[in-house]
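Chains as they are written, first to last, in our numbering: chain A, 1 to 329; chain B, 1001 to 1071. A virtual CB, placed ideally from N, CA and C, is assigned to each residue, including glycine. Remember, predicted model here, so these are calculated numbers, not experimental data. Everything on this sheet refers to the single structure shown next.
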Amino acid sequence: MIFATYFPEKCLSNSDLESEFPEWTADKIEQKVGIVSRHVASGDETPLDMAEQACRALFQKNPELKDSVDYLLFCTQNPDHILPGNSSILQNRLGLPTSIGALDYNLGCSGYVYGLSLAKGLLKSGIANGVLLITAEAYTRRIHPKDKGNRSIFGDAATATFLNREDTGGIGEFVLGTDGSGAGNLIIRNGGLRHGTENAEEKEYGSGNIYTDNELYMDGPEIFNFTIEAVPPLIKQALEKNRLEKEDIDLFILHQANSYILNFLRKMCRIPAEKFYLNMKNTGNTVSSTIPVAIRDALDSGLIHKGDKVLIAGFGVGYSYGATVLTLS
Amino acid sequence: MTNEKKIELLAELFEVDASEITPDKKLSELQWDSMNMLGLIALFKSELDIKLPAAKIRGFSTINDILEEMK
């Protein structure tokens, strides 16, 4: 597996937030959610543009990969158009052959794990020989300017992961889950066929956050309840399905939602701090990109090495969740 | 759990002295924001193994409302 990442140039720091919301101190934000700064897509920058940059970075470092891609998977919830999908446009922008398969899928924080499950199936079945798995999201463009809670948490990013058939040996068994009863707790309600975007009224929620149904709404307490109910069994089942004990895992990389949630989950699951990845200080919660960003950072910083076992778990919007164990090649 | 222990846990959550955690204290006079709501969920889960739904939390207006739920 070969990784590349892209972050928009523009940053939003805690001090920037403090100047807009004086009751929200920079130190308090860092202390509560473990984030100091996050990258935000500017102007007309979209996940498609960001994905293109991530892919170009991947091909620049590994030019041989461009000829090896025969399937493109694009995970985003914010495509450029209702149709066609981002994956078709990206094929053309990157100059990939017209003989490749390409599809978009709509998932958030579980998106990378689901993408790996699809990639593994495509490669193992012989349908594809080289999969380019993209995650790209720009939630910040969907957050109301007066929603300080969500603006403090989310950041934008794109990642590109190349996988070939040899890589499938390092992708373990998957545990996946879906619970649509929580759909309304993390949602952009308007803009699809069900609800138009006209006449959306401003509403207040949480601690003085403002949003309309055209923007991202997150019921933090309900999402927290879902997380602490779903994730500990998800990790336990992923270990069991892969016939591993907690001690066999070199690093646990959970979706980097926010540090408060992650620390609570770590304690619930009794995972030692040194085996639990927590680093979102300069990126924030980048939705489907947090796990590949974390894997790349952990590899670059020498925290994990070839042959190590990494348990990854994604969970969020849907609700949708999934986990697997990677043995790094 | 003793009443003293409950008061101690809530004082820790709201980062105030235990003397400020009285039954009639309004939550609006404390730091009652979304992060402390998460903290309360965490407290109920870890100390009492009780799930605290968001709708119930939003109905709390005083410390007594929370103490009643901790029984």
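Whole-Å CB distance - residue i paired with residue j, under 8 Å assumed
i, j, result
"Ile171 of chain A", "Thr324 of chain A", "6 Å"
"Phe1044 of chain B", "Leu1052 of chain B", "4 Å"
"Thr159 of chain A", "Thr135 of chain A", "5 Å"
"Ser288 of chain A", "Glu137 of chain A", "6 Å"
"Gly94 of chain A", "Glu64 of chain A", "Note that residue 94 of chain A is Leu in the sequence shown, not Gly. Not really, about 15 Å apart at Cβ, beyond 8 Å."
"Phe21 of chain A", "Lys148 of chain A", "5 Å"
"Ser329 of chain A", "Lys306 of chain A", "7 Å"
"Asn185 of chain A", "Asp219 of chain A", "4 Å"
"Lys120 of chain A", "Thr168 of chain A", "5 Å"
"Ile89 of chain A", "Arg142 of chain A", "The Cβ separation is near 20 Å, so there is no contact."
Residue i (DSSP reduced to helix, strand or coil)
i, result
"Glu229 of chain A", "helix"
"Glu1015 of chain B", "coil"
"Phe333 of chain A", "Residue 333 of chain A lies beyond the range of chain A shown here (1 to 329); nothing can be said about it."
"Phe224 of chain A", "helix"
"Ile143 of chain A", "coil"
"Thr197 of chain A", "coil"
"Lys203 of chain A", "strand"
"Phe174 of chain A", "coil"
"Ser329 of chain A", "coil"
"Met218 of chain A", "strand"
"Leu107 of chain A", "coil"
"Phe3 of chain A", "strand"
"Asn190 of chain A", "coil"
"Gly322 of chain A", "strand"
"Thr1062 of chain B", "strand"
"Leu989 of chain B", "Since the first and last residues shown for chain B are 1001 and 1071, residue 989 of chain B lies out of range."
"Ile1057 of chain B", "helix"
"Ile29 of chain A", "helix"
"Leu1005 of chain B", "Before going on, a small fix: residue 1005 of chain B reads as Lys here, not Leu. Helix."
"Ile1046 of chain B", "It is Ser, not Ile, that sits at residue 1046 of chain B in the sequence shown. Ser1046 of chain B falls in the helix class under three-state DSSP."
Chain-ordered neighbours of residue i on chain C, where CB pairs are closer than 8 Å
i, result
"Ser87 of chain A", "The question asks about chain C, but that chain is absent: this structure's protein chains are A and B."
Check distances from the C-beta atoms of the region 1041 to 1064 of chain B to those of chain A and list, in chain order, the residues that come in under 9 Å. Ile1041, Ala1042, Lys1045, Ser1046, Lys1051, Leu1052, Pro1053, Ala1054, Ala1055, Ile1057, Arg1058
Residues of the region 216 to 227 of chain A in Cβ contact with chain B at a cutoff of 8 Å, in chain order, please. Asp219, Gly220, Pro221, Glu222, Phe224, Asn225
For the pair the region 33 to 52 of chain A and the region 268 to 285 of chain A, tell me if three or more CB-CB distances fall below 8 Å. yes
Give me the subset of the region 253 to 277 of chain A whose CB atoms are less than 7 Å from a CB atom of chain B, sorted by chain position. Tyr260, Phe264
What are the start and end residues of each continuous alpha helix (DSSP H) run of 4 or more residues lying completely inside the region 73 to 105 of chain A, in chain order? 86 to 94
Just list the beta strand (DSSP E) runs in the region 233 to 320 of chain A, keeping only unbroken ones of 3 residues or longer that don't cross its boundaries, in chain order. 251 to 254, 309 to 316
Cβ pair count under 8 Å reaching 3, the region 172 to 188 of chain A against the region 303 to 319 of chain A: yes
Report yes or no: do the region 144 to 159 of chain A and the region 287 to 294 of chain A share at least 3 C-beta pairs separated by less than 8 Å? yes
Is it a yes or a no for the region 47 to 56 of chain A touching the region 74 to 83 of chain A, going by three-plus beta-carbon pairs under 8 Å? yes
For the region 243 to 263 of chain A and the region 213 to 231 of chain A, state whether three or more C-beta atom pairs, one from each stretch, are separated by less than 8 Å. yes
The region 240 to 253 of chain A / the region 202 to 211 of chain A touching (three or more Cβ pairs under 8 Å): no
By the 7 Å beta-carbon criterion, what residues does the region 31 to 43 of chain A contribute toward chain B? Lys32
Taking beta-carbon pairs under 9 Å, can you tell me which members of the region 163 to 186 of chain A lie near chain B? Asn185
Could you tell me whether the region 52 to 68 of chain A touches the region 126 to 134 of chain A, where touching means 3 or more Cβ pairs closer than 8 Å? yes
Would you check if there are 3 or more beta carbon pairs closer than 8 Å linking the region 97 to 104 of chain A to the region 82 to 89 of chain A? yes
What are the residues of the region 1016 to 1039 of chain B that lie near chain A, defined by any Cβ-Cβ distance shorter than 7 Å? Asp1033, Ser1034, Met1035, Met1037, Leu1038
Report the residue ranges of all beta strand (DSSP E) runs contained in full by the region 114 to 162 of chain A; include only those spanning at least 3 residues, in chain order. 130 to 137
4 or more residues per run - each alpha helix (DSSP H) lying fully within the region 36 to 66 of chain A: 47 to 61
So if I threshold CB-CB distances at 7 Å, which residues from the region 127 to 156 of chain A count as touching chain B? Gly149
Can at least three beta-carbon pairs, one atom from the region 1019 to 1027 of chain B and one from the region 193 to 201 of chain A, be found at a separation below 8 Å? no
With 7 Å as the C-beta to C-beta threshold (strictly closer), list the residues of the region 192 to 216 of chain A near chain B in chain order. Gly206, Ser207
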